[in-house]
Each structure stands twice: as C-alpha cells, then as structure tokens.
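A.B. asks: Below you'll find the structure I mean.
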Amino acid sequence: MPQRGKVELKRIEDKTSRQVRFSKRRSGLFKKAFELALLCDAEVALLVFSPSGRLYEYSSSSRCTSRNIDQMDDGELDRMEDLLQEALRQVQSRKLQVSSTEIVEAANGDQSETNNISIN
C-alpha cells in the first residue's frame, strides 16, 4: 500500500480548496472524538468554529451540548468555564511559541541569504 505524502502545514490560499479541506478535516476530527469516547470511555466535547463563525459541536455526553448549557447549575458552569480558560491559555501559549519560532527562523533565513550574497 503506498504511503501518503506529508502535508505542508500552511494556510491554503484558494478559498474553495480551503473550505473543502476544512470540511474533510472537521469530519475526521469528529470521527476521532467519537472513537476516543467509545474506545476509552472518555467524556469528550468538541467545539469547532468555521472561518465564517459557524459553530459545529460534538459531545459524547448529552449534558455538554450548547442546548443543555442553559440547564447547568452554577457549579457546572464554573467548572466548564475554568476548563475552557485553561484550554485557551494553552492555545495562546502554543501560538506564542509558534510565532517566536517563525520569527527566529525568518531572521536566520535573512541572515543566511546575506551570507550567500557576500560569498558570491
């Protein structure tokens, strides 16, 4: 069986291709979330916002859907808020790491181009 090539992780410029990829990747992500919940008896909740802002959600438990949030008591809402804030902090930290790495790589690339010019 032939192996698939690695996908270069960068923004897809073509709007139609980007939408198709989003849709396929979203479906795959939801399938994995379902499998994780089923195989590992984990409680999984997944929120995905499309580029246009549309919300897609999956929950292995009926208590974690947006339709049931209004039925949660203060304790459950506080716990969910704490979990979401921690997840957001992790995302922001990772985003900062990626940005820092890209800046360093870009600076190193500019420096090596300068070295190549002076050698030639």
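Numbering-wise (full-length UniProt numbering), the sequence shown opens with residue 1 and increments by one.
A virtual CB, placed ideally from N, CA and C, is assigned to each residue, including glycine.
#1: Which of the three DSSP states is assigned to residue 5 in this structure?
#2: How long is the line joining the alpha carbons of residue 160 and residue 44, rounded to whole angstroms?
#3: Roughly how many angstroms lie between the CA atoms of residue 39 and residue 109, to the nearest whole one?
#4: Would DSSP call residue 48 helix, strand or coil?
#5: I'd like to know whether the C-beta atoms of residue 33 and residue 46 end up nearer to each other than 7 Å.
#6: Going by alpha carbons, who is nearest to residue 50 out of 70, 101, 42, 27?
#7: Go ahead and pull the three-state DSSP assignment for residue 121.
#8: Measure from the alpha carbon of residue 53 to the alpha carbon of each residue in 7, 6, 14, 22, then state which is nearest.
#9: Using the Cα positions of residue 84 and residue 77, report the straight-line distance between them to the nearest angstrom.
#10: Where does residue 75 fall in DSSP's three states?
C.D. replies: Taking the coordinates as given:
#1: On the sequence shown, residue 5 is found 5 positions in, with the first residue counted as 1. Residue 5 falls in the coil class under three-state DSSP.
#2: Given a span of 1 to 120 for the chain in the structure shown, any question on residue 160 remains unanswerable.
#3: Reading the sequence shown from its first residue, position 39 is the one you call residue 39. Reading the sequence shown from its first residue, position 109 is the one you call residue 109. Each residue's alpha carbon lies about 45 Å from the other.
#4: By 1-based counting over the sequence shown, the position of residue 48 is 48. Taken through DSSP and simplified to helix, strand or coil, residue 48 comes out as strand.
#5: Along the sequence shown, one-based indexing puts residue 33 at 33. Along the sequence shown, one-based indexing puts residue 46 at 46. A Cβ-Cβ contact shorter than 7 Å links residue 33 with residue 46.
#6: One-based indexing of the sequence shown puts residue 50 at position 50. The closest CA to that of residue 50, considering only 70, 101, 42, 27, is found on 27.
#7: There is simply no residue 121 to check, as the chain begins at 1 and stops at 120 in what is shown.
#8: Counting from 1 along the sequence shown, the entry for residue 53 is found at position 53. When only C-alpha atoms are compared, the closest one is 22.
#9: For the purposes of this step, residue 84 is identified with residue 84 of the sequence shown, where counting begins at 1. For the purposes of this step, residue 77 is identified with residue 77 of the sequence shown, where counting begins at 1. Between the alpha carbons of residue 84 and residue 77 lies a gap of roughly 10 Å.
#10: Counting from one through the sequence shown, the residue named residue 75 turns up at place 75. If DSSP states are grouped into helix, strand and coil, residue 75 belongs with the helices.
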